[in-house]
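Numbering follows full-length UniProt numbering, in which position 114 of the sequence shown is assigned residue number 118; successive positions increment by one, without gaps. Where is the CB? At the ideal position from N, CA and C, for every residue including glycine. Worksheet: the structure to be examined is printed underneath.
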Amino acid sequence: ATPLRTLDPEIYSALSSEFARQQSHIELIASENFTYPAVMEAQGSVLTNKYAEGYPAKRWYGGCEFVDKIETLAIDRAKALFGAEHANVQPHSGSQANFAVYTSCLPLGAKILGMNLSHGGHLTHGNPANFSGKQYNFVQYGVREDTGLIDYEELAAIAEREKPAMITVGASAYSRVIDFARMGEIARSVGALLFADIAHIAGLVAAGVHPSPFPHADFVTTTTHKTLRGPRGGLIMCKAAHAKAIDSAMFPGGQGGPLMHVIAAKAVCFAEALKPDFKTYAQQVVKNSQALAKAFVARGYKLVSGGTDNHLFMIDLRHNLPELTAKKAQETLDLAHITLNKNTVPFETRSPFQASGLRIGTPAITSRGLVESDMDEIATAIDTVLKAIGTDGETAALASAKERAAKLAAKYPLPYKL
Ligand code: PLP
Numbered sequence: 005a006t007p008l009r010t011l012d013p014e015i016y017s018a019l020s021s022e023f024a025r026q027q028s029h030i031e032l033i034a035s036e037n038f039t040y041p042a043v044m045e046a047q048g049s050v051l052t053n054k055y056a057e058g059y060p061a062k063r064w065y066g067g068c069e070f071v072d073k074i075e076t077l078a079i080d081r082a083k084a085l086f087g088a089e090h091a092n093v094q095p096h097s098g099s100q101a102n103f104a105v106y107t108s109c110l111p112l113g114a115k116i117l118g119m120n121l122s123h124g125g126h127l128t129h130g131n132p133a134n135f136s137g138k139q140y141n142f143v144q145y146g147v148r149e150d151t152g153l154i155d156y157e158e159l160a161a162i163a164e165r166e167k168p169a170m171i172t173v174g175a176s177a178y179s180r181v182i183d184f185a186r187m188g189e190i191a192r193s194v195g196a197l198l199f200a201d202i203a204h205i206a207g208l209v210a211a212g213v214h215p216s217p218f219p220h221a222d223f224v225t226t227t228t229h230k231t232l233r234g235p236r237g238g239l240i241m242c243k244a245a246h247a248k249a250i251d252s253a254m255f256p257g258g259q260g261g262p263l264m265h266v267i268a269a270k271a272v273c274f275a276e277a278l279k280p281d282f283k284t285y286a287q288q289v290v291k292n293s294q295a296l297a298k299a300f301v302a303r304g305y306k307l308v309s310g311g312t313d314n315h316l317f318m319i320d321l322r323h324n325l326p327e328l329t330a331k332k333a334q335e336t337l338d339l340a341h342i343t344l345n346k347n348t349v350p351f352e353t354r355s356p357f358q359a360s361g362l363r364i365g366t367p368a369i370t371s372r373g374l375v376e377s378d379m380d381e382i383a384t385a386i387d388t389v390l391k392a393i394g395t396d397g398e399t400a401a402l403a404s405a406k407e408r409a410a411k412l413a414a415k416y417p418l419p420y421k422l
């Protein structure tokens, strides 16, 4: 067989560059991680050749005896990992999983109470450009301006007034513990279903480092590629009563053939997450996040909510660098080989394209092996660059930050081969 290098040099060249980028950059995007080589082995396997529409033992195609075994293992491991009554491992992504939840139980136009997107919610929680915002009538709750914490009192009052059919909880940029028990009480008090989207914190939940949404939520979805450290994909879990509706909303409702190579990779990641080592990993993710947050506070930065209980935190640049947009900060840090993303902060005063928040997460650097004592180096590198932007010292600051990033990358190599 002709190797990729020879068969398609253009793709091979971009792939090699991405490989080198991942090796040499410090990855602080909160939704990213470095998965296990065994996950990549499963994903890059002959399973990509197989069509398996349907579910184990109920397929539309022949030759499914081995993929049935794989999907059943994935389902059983997901259930064991999260203590769920039912699991569907077929969603191609977190968004597909959320699509299935809404469509499994809500008529078009139903009212859903979801978290304000600029306060940390996700696109699929009612953005007008997303299917969720187009197909359902979303009303929103958010965080308090003074504390940066979810305002449960306000949420209860809105729920009482609006009587939504469902309440969605979960975020892409919220650094504190979510009180799922309280959300469950509020949902039940108004007769709403509770849907917890734990895409970001799933690994922490699996490891017992963040409280579980079970038994409070009727539906739980997650991505498998963030703190869970698996392949890019989605997962739905629910109470047994909703199992049939969820399965048909996923297939044939929202997707055709499942990606069996990804499902095998999900099964591998669930097995890894069931091992004691994963608990240590998840604890270290939070320790690193808290150490890095502290290092920024010590350098005069303000964090939304003042700190973090999980794998991420948000810097509000308006406090000490009011002229600097998050867009400019992100782009300049890229030049220093430090990767993170701009994000709106609650009560944002800039456009989402410019934004005032820097979202910083530790799942990827923790997979790489970094520990608390490395966090000062990262904070120093970022701080040096941010404070030098637009000054005569910018070039020197970039060079010194890049050198710090290179040293850390060399100290903690990634376990991949090109
Ligand atoms: N839900 C939340 C809270 C997320 O943060 C994300 C992704 O960032 C998703 C859902 C969607 O995941 P995907 O990008 O796989 O569609």
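- First and last residue of the alpha helix (DSSP H) that includes residue 2? Since the displayed the chain opens at 5 and closes at 422, residue 2 lies outside it and no answer follows.
- Going by DSSP, what residues sit across from Arg63 in a beta bridge? Beta-bridge partners of Arg63 (DSSP): Gly58.
- Message: Using 8 Å for Cβ pairs, my map puts Gly137 next to Gly130. What's the rounded Cβ distance?
- Response: Sure, about 5 Å apart at Cβ, within 8 Å.
- Evaluate Leu11 with the Cβ neighbour count: other Cβ atoms within 10 Å of its Cβ, from every protein chain shown; 16 or more gives buried, anything less gives exposed. exposed
- Alpha-carbon spacing of Asp72 relative to Pro60, whole angstroms: The C-alpha of Asp72 lies about 5 Å from the C-alpha of Pro60.
- Query: So, are the CB atoms of Ser176 and His229 less than 8 Å apart?
  - Reply: no
- How should Thr52 be labelled, buried or exposed, when 16 other C-beta atoms within 10 angstroms of its C-beta is the threshold for buried? exposed
- Please say whether Ile171 and residue 449 have beta carbons closer to each other than 8 Å? Because the chain is modelled from 5 through 422, residue 449 falls outside the range shown and cannot be assessed.
- Under 7 Å from any heavy atom of the ligand PLP, does the C-beta of Thr128 make it? In terms of side-chain proximity, the C-beta atom of Thr128 is found nearer than 7 Å to a non-hydrogen atom of the ligand PLP.
- Query: Beta carbon of His315: closer than 7 Å to some heavy atom of the ligand PLP?
  - Reply: no
- Task: Going by CA-CA distance only, name the one from Leu328, Ser21, Gly397, Lys167 that's closest to Val194.
- Result: Checked all of Leu328, Ser21, Gly397, Lys167; the closest Cα to Val194 is Lys167.
- Task: Below 8 Å on the Cβ atoms is my guess for Phe274 versus Ala82; work out the distance and round it to an integer in Å.
- Result: 5 Å
- Which two residues bound the contiguous alpha helix (DSSP H) that contains Leu296? 280-302
- Item | Where the alpha helix (DSSP H) containing Gln144 begins and where it ends | DSSP places Gln144 in no alpha helix (DSSP H) but in the uninterrupted beta strand (DSSP E) bounded by 141-145.
- Message: I'd like the span of the beta strand (DSSP E) that includes Gly195, first residue to last.
- Response: No beta strand (DSSP E) holds Gly195; DSSP gives it neither H nor E.
- Query: If we count the other Cβ atoms within 10 Å of its Cβ and call it buried at 16 or more, is Tyr40 buried or exposed?
  - Reply: buried
- Buried or exposed: Glu75, going by 16 or more other Cβ atoms within 10 Å of its Cβ? buried
- Query: Could you give the distance in angstroms between the alpha-carbon of Glu276 and the alpha-carbon of Ala78?
  - Reply: 12 Å
- Message: For the ligand PLP, is there any heavy atom lying closer than 7 Å to the beta carbon of Gly174?
- Response: yes
- Task: Please confirm whether Leu110 and Tyr140 have their CB atoms less than 8 Å apart.
- Result: yes
- Message: Which of the three DSSP states is assigned to Ile202 in this structure?
- Response: coil
- Query: Taking the DSSP output, what are the residues bridged to His90?
  - Reply: DSSP output for His90 lists Cys242 as bridge partner(s).
- My guess is that Thr225 and Val105 are in contact by the Cβ rule of under 8 Å, so how many angstroms apart are they, rounded? Correct: roughly 6 Å between the Cβ atoms.
- Going by beta carbon distance, what residues of the same chain come within less than 8 Å of Thr231, once the five residues before and after it are set aside? Asn37, His204, Ile205, Ala206, Gly207, Leu208, Ala286, Val289, His315, Pro367
- Item | Closest residue to Pro256 among Ala56, Phe317, His29 (Cα-Cα distance) | Minimum Cα distance to Pro256 is reached at Ala56.
- Task: Answer with buried or exposed for Phe357, where buried requires no fewer than 16 other C-beta atoms within 10 angstroms of its C-beta.
- Result: exposed
- Query: Would you call Arg25 buried or exposed, if buried means 16 or more other Cβ atoms sit within 10 Å of its Cβ?
  - Reply: exposed
- Query: Distance, Cα to Cα, Ser252 vs Met119?
  - Reply: 27 Å
- Could you check how far apart the C-beta atoms of Glu89 and Lys248 are, in whole angstroms? I think they sit under 8 Å. Not really, about 12 Å apart at Cβ, beyond 8 Å.
- Can you tell which of Ala392, Thr388, Ile369 has its C-alpha closest to the C-alpha of Ala414? Ile369
- Query: Which residues in the same chain have their Cβ closer than 7 Å to the Cβ of Lys406, if we skip the five residues on either side of it in sequence?
  - Reply: Ala340, His341
- Where Glu158 and Tyr145 are concerned, what is the direct C-alpha to C-alpha distance, given to the nearest angstrom? 7 Å
- Nearest-angstrom beta carbon gap, Ala333 and Leu362 [assumed within contact, 8 Å]: 6 Å
- Task: In angstroms with no decimal places, state the Cα-to-Cα distance between Phe317 and Val181.
- Result: C-alpha separation (whole angstroms): 12 Å.
- Would you check whether the ligand GDP has a heavy atom nearer than 7 Å to the C-beta of Thr107? With respect to small molecules bound, the structure shown includes the ligand PLP and not the ligand GDP.
- Message: Here's a check: name, in chain order, each residue in its chain whose Cβ is nearer than 8 Å to the Cβ of Ile250, leaving out the five neighbours to either side.
- Response: His90, Asn92, Ala104, Val105, Ser108, Phe223, Ile240, Cys242
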